[in-house]
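Note sheet for the following structure.
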Amino acid sequence: MRVAPSPTGDPHVGTAYVALFNRTHARQGGGQFLLRIDDTDRSRYQATSEDQIFHALEWLGLNWDEGPDKGGPHAPYRQSERLEHYQSLIERLMASGHSYRCFCTADRISKLREDQKANKQRLGYDGACREISAEDSERRARDGESHVIRLKVPNSGETVFKDRLRGEIRVSNAEIDDQVLIKTDGFPTYHLANVADDISFGITHVIRAEEWLISTPKHVLLYEALDEPLPTFVHVSLLRNADKSKISKRKNPVSLNWFRQEGYLPEALLNFLALMGWAPEDDNEVFDMETFEEQFRIEKLSTGAPIFDMTKLDWLNGMHIRKLPIDTLADRILSEGFGPEGESKERILEILPMMTERLTRLGEFTDKTSWFFQTPEPPTKEDLIPKKSDAETSLSALKAASEFFGSLASFQHDAIASGLDDLISQHGWKKPFLFMPLRFALTSRKDSPDLIEVIGALGAQKSVERIDRACEILRE
RNA sequence: GGCCCCAUCGUCUAGUCAGGUCUAGGACAUCAGGUUUUCAUCCUGAGAACAGGGGUUCGAAUCCCCUUGGGGUCACCA
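Quick note: to get this note's numbering, add 2 to the position in the first sequence (first position is 1).
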């Protein structure tokens with residue numbers, strides 16, 4: 003099994019999606035999972051992209067057995083480094099009459115296409131250069147005439163293959179274009195390089211996106227021309243935008259870098275991706291990769307068109323955050339750069355236990371805990387006065403609290419709780435009349451962890467300072 | 001437009017291959033309650049779907065056909 007991304011931009015979520023199924027299936031059967039870089043398009047090539055692919059897949063834990071960075075028995079794993087290989091293959095194809103040189107200019111091809119469009123004919127190459135004799139073809143090539151090499155698709159009959167998910171697929175050969183195999187620049191197209199490499203890598207299962215389904219007959223023809231056995235084809239449904247079109251960066255975040263930067267956990271993203279096309283038998287939708295490997299069955303992949311709706315991802319991320327040991331979570335926050343500037347793991351650990359159930363993405367950590375790491379902007383007067391209360395009540399509540407905390411010998415959760423309850427009953431306040439001004443005084447925000455824990459985290463001195471500061475604001 | 005693929009709650013899906021146990025199950029989201037000092041977590045509950053039409057059959061979400069809808073693809077991009 004393999005995954006074969008192109009280094010043409012940011013590492014794509016679709017790559018991870020397909021890699022997940024390939025890798026999992028490989029591991030289940032004791033097979034190898036390879037990473038191949040499909041870099042035959044020089045014009046779209048981006049030098050930094052390859053490294054990013056490595057890093058993104060490593061981040062996800064979708065590690066490969068063989069690849070450009072690891073080497074392996076089938077090296078090299080970059081298509082741009084396998085040119086001789088394609089050359090020898092094309093010689094076989096030429097010799098057996100399965101391919102031919104085409105000297106048509108780009109100009110002629112585009113005119114041809116326009117005519118076909120105007121006459122509402124099927125779009126495709128008309129096979130003009132098929133008729134050129136072998137001698138002429140050789141000579142013109144030797145003379146340096148620019149040309150491509152095309153696949154000679156039979157004029158009649160049909161090409162049939164089986165897709166593991168969709169059953170038998172038959173396409174009339176008349177519908178299949180004489181696909182370019184070698185471009186003018188001497189580089190192979192995807193179709194040739196992909197088949198050539200899958201053969202020489204010994205790929206037994208081609209699990210890839212549905213968009214390739216329609217070009218699979220071309221690949222089948224190539225396998226047949228080369229007299230090689232067909233792999234098992236599995237075309238997985240395309241991830242979709244909300245409007246059902248194929249997922250795109252204009253309508254969705256698709257860069258794996260983005261998910262990492264937002265603070266999605268790799269285990270959550272993988273879990274989510276797995277759920278886009280597969281369902282566990284036991285209704286337990288929160289699972290790790292180990293469980294997934296045990297349960298996944300390729301034939302249970304669904305054929306629908308999953309809309310990439312991150313609502314569930316957010317929920318899953320929260321679930322995975324809460325499943326992580328607190329120490330590990332702290333490490334993640336730190337290593338992924340979500341910790342507040344210059345803060346130690348010890349400091350983060352002081353606040354983290356009360357934050358886990360309030361985090362959906364790691365990226366929220368700094369903002370939601372800023373009151374702990376630094377003195378926040380003071381709350382406004384309005385903040386300090388809850389609905390149905392007034393400035394006077396808030397002020398006396400805060401003063402009472404200030405005195406209470408000032409006299410505190412040590413932090414004991416239950417003692418503080420009962421102390422505050424006493425204050426409330428003494429004065430006949432509603433609970434929010436004390437707690438809300440206190441919350442704003444201490445954190446300057448309306449959502450926070452349990453207040454008594456907040457006080458414990460802050461310590462009596464800081465707490466009193468902030469309460470006194472809030473009293474000043476109320477007096478203004 | 002040609003060709004190919006697909007079609008169950010708003011979303012992800014189970015059930016479809018081996019038709020009855022499906023008054024269609026679960027999850028997310030939504031809404032309503034509960035817990036509660038806020039937010040969140042957690043718990044309980046509610047609403048919410050077999051695209052339509054024909055067949056086949058005692059019986060169809062499940063099989064067949066048509067229609068409709070959606071998507072993909074028609075590059076010297078992958």
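Every residue, glycine too, gets a C-beta built ideally from N, C-alpha and C. None of these values were measured; they are calculated from a predicted model.
- Contact annotation, A211 with V20: C-beta distance approximately 6 Å; criterion of less than 8 Å satisfied.
- CA-CA distance, Y47 to G33, rounds to 30 Å.
- In the DSSP assignment, E170 is bridged to K164.
- Exposed is the label assigned to L125, since fewer than 16 other Cβ atoms lie within 10 Å of its Cβ.
- Under DSSP, T234 forms a beta bridge with H207.
- Under a 10 Å Cβ-count criterion, E269 is classified as buried, with 16 or more other Cβ atoms of the shown protein chains found around its own Cβ.
- In the DSSP annotation of this structure, C104 is not part of any alpha helix (DSSP H); the continuous beta strand (DSSP E) holding it starts and ends at S101 to C104.
- In the structure shown, P190 falls within a strand segment according to DSSP collapsed to helix, strand and coil.
- Distance between R80 and P342, taken at the CA atoms: about 40 Å.
- Separation of E366 and Y266 (C-alpha to C-alpha, rounded to the nearest whole angstrom) is 11 Å.
- Collapsing the DSSP output to three states places S51 in a helix.
- The beta-carbon separation of D41 and S82, rounded to 5 Å, stays under the 8 Å limit for a contact.
- Shortest Cα-Cα distance from A419 to any of S465, S90 and I454 involves I454.
- H76 sits close to E68, with the two beta carbons spaced by under 8 Å.
- Counting the other Cβ atoms within 10 Å of the Cβ of P233 gives 16 or more, which makes it buried.
- Judged by DSSP in its simplified three-state form, K389 adopts coil rather than helix or strand.
- With a minimum length of 4 residues, the unbroken runs of alpha helix (DSSP H) contained wholly in the segment 329 to 402 fall at 347 to 353 and 367 to 375.
- Within the same chain, no residue comes within 7 Å of Q428 by CB-CB distance, once the 5 residues on both sides are set aside.
- A straight line joining the alpha-carbon of Q118 with that of M96 spans about 28 Å.
- For V466, the uninterrupted alpha helix (DSSP H) segment begins and ends at A462 to R477.
- The shortest CA-to-CA distance from G204 to any of F406, P434, K390 and L36 is the one to L36.
- Annotation: E405 to L425 spans about 11 Å, alpha carbon to alpha carbon.
- Bounds of the alpha helix (DSSP H) holding R262 are L258 to E264.
- By the CB criterion at 8 Å, K246 and I309 fall inside the cutoff.
- Just so you know, the alpha carbons of V155 and F340 end up roughly 55 Å apart.
- If you draw a straight line from the Cα of I300 to the Cα of E60, it is about 23 Å long.
- At a Cβ-Cβ threshold of 8 Å, I111 and I151 do not count as neighbours.
- Rounded to whole angstroms, the Cβ separation of S51 and P9 is 4 Å, and the two are in contact under 8 Å.
- In this chain, the alpha helix (DSSP H) harbouring V20 covers V15 to Q30.
- Contact between the segment 394 to 402 and the segment 431 to 440 is present: three or more C-beta pairs spanning the two stretches fall below 8 Å.
- DSSP places R441 within a helical segment (H, G or I) once states are collapsed to three.
- Sixteen is the threshold: since fewer than 16 other Cβ atoms of the shown chains lie within 10 Å of the Cβ of A176, the residue is exposed.
- Our two residues, R166 and D284, have alpha carbons roughly 24 Å apart in a direct line.
- S90 counts as exposed, since fewer than 16 other C-beta atoms from the protein chains shown sit within 10 angstroms of its C-beta.
- Taking the Cα of A195 as reference, the smallest distance to any Cα among L336, R38 and K302 is reached at R38.
- In the DSSP assignment, R141 falls within the unbroken alpha helix (DSSP H) covering A136 to R144.
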